[in-house]
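Take a look at the structure set out below.
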Amino acid sequence: FDMTRLRLHTTRPPGRSPRSQPPNQQRGAALVVGLILLVILTMLALTGTNTSRTELVMAQNEQFRKNAALAASAGIERAIGALGAVPAVPGAAPTLVENVALVPGEAERYTTTSRYVGDEMNLPQSSANRFIGLHYEITSDGTSVRDANDRLVQGIMVVTTSGGAAGEQSMGQIGTGLP
1357 FDMTRLRLHT
1367 TRPPGRSPRS
1377 QPPNQQRGAA
1387 LVVGLILLVI
1397 LTMLALTGTN
1407 TSRTELVMAQ
1417 NEQFRKNAAL
1427 AASAGIERAI
1437 GALGAVPAVP
1447 GAAPTLVENV
1457 ALVPGEAERY
1467 TTTSRYVGDE
1477 MNLPQSSANR
1487 FIGLHYEITS
1497 DGTSVRDAND
1507 RLVQGIMVVT
1517 TSGGAAGEQS
1527 MGQIGTGLP
C-alpha cells in the first residue's frame, strides 16, 4: 500500500484548506467591504467640509458684529463732540442723529440719541458751588451687514460754571487746558 497515491487522489487542489471558500465568493466580499469603507470616508470628508463652512460663516458673523460695535462706539464719540447742541433743559426732547454712515459707501452705520438728564449742584471740592455738573445720556445703535447690531449707552457729566437758570449754562473751556 503506497501513501503517495492517496495524496494524489485527493479531491481538493493543493494549498487549499477544507474551510476556504471558492475564489468567486471571496472577491465579492472584498468589493462590498471596499465600498463600505469608501462610503464612510466620503461621509467623513463631507462632514469636515460642512463644518469648515459653518465655522467660516460664524467667523464672518463675529467680524460683522464687531464692525457694528465699532460703529456704535464712533457714534458715541461723535455725539460727545456735539453735546453743546443738546438743550440742557429738563424734559427737553432728545437730540436724534439718524443713520449716519461710518465710512461713505460702507454698510456700517450708527444712530445716536442724546438727552439731558439733570444737574448736580454740589460737586465735591467745588469752591462755594461755583461749578455744576450737567448730566447727559447718549445711546448709540451701530449696524453692519447681515443684520449685525450693537447698542452702547454712555453717561456723560460736563462740569461747567454755575450761574443763571437751568438751560442757560454754557459749556466751554475754563483756563488753558493741558499743554
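Start counting the sequence shown at 1357; every next residue gets the next number (my numbering).
Positions of the beta carbon are idealized from the N, C-alpha and C atoms, including for glycine.
These numbers were taken from a predicted model, which means no experiment stands behind them.
Nearest residue (CA-CA) to residue i, options the options
i, options, result
"Ile1432", "Ala1504, Val1459, Glu1493 and Arg1502", "Glu1493"
"Ala1438", "Ala1428, Phe1487 and Leu1452", "Leu1452"
"Pro1446", "Thr1517, Asp1475 and Leu1402", "Asp1475"
"Gly1489", "Val1515, Arg1465 and Thr1405", "Val1515"
"Glu1462", "Arg1409, Ser1408 and Ala1424", "Ala1424"
"His1491", "Ala1435, Ile1392, Gly1511 and Pro1480", "Gly1511"
"Ile1436", "Thr1517, Ser1518 and Met1513", "Met1513"
"Leu1479", "Asn1455, Asn1406 and Ser1518", "Ser1518"
Rounded Cβ spacing between residue i and residue j (contact assumed at less than 8 Å)
i, j, result
"Val1473", "Thr1495", "With 8 Å as the limit, Val1473 and Thr1495 do not qualify as a contact, their Cβ atoms being about 12 Å apart."
Helix, strand or coil at residue i [DSSP, three-state]
i, result
"Asn1417", "helix"
"Arg1434", "helix"
"Val1445", "coil"
"Asn1406", "helix"
"Glu1411", "helix"
"Gly1440", "helix"
"Val1501", "coil"
"Ser1429", "helix"
"Asn1455", "strand"
"Gly1511", "strand"
"Leu1393", "helix"
"Gly1489", "strand"
"Gly1474", "strand"
Buried or exposed by the 16-neighbour rule on C-beta atoms within 10 Å, applied to residue i
i, result
"Gly1498", "buried"
"Ala1415", "exposed"
"Glu1464", "buried"
"Val1413", "exposed"
"Ala1386", "exposed"
"Ala1457", "exposed"
"Val1442", "buried"
"Ala1448", "exposed"
"Ala1401", "exposed"
Quiz item: Are the stretch 1499-1506 and the stretch 1417-1426 touching, with three or more C-beta to C-beta distances below 8 Å?
Solution: yes
Self-check item: At least three beta-carbon pairs within less than 8 Å, the stretch 1423-1430 to the stretch 1463-1473
Solution: Short answer: they touch.
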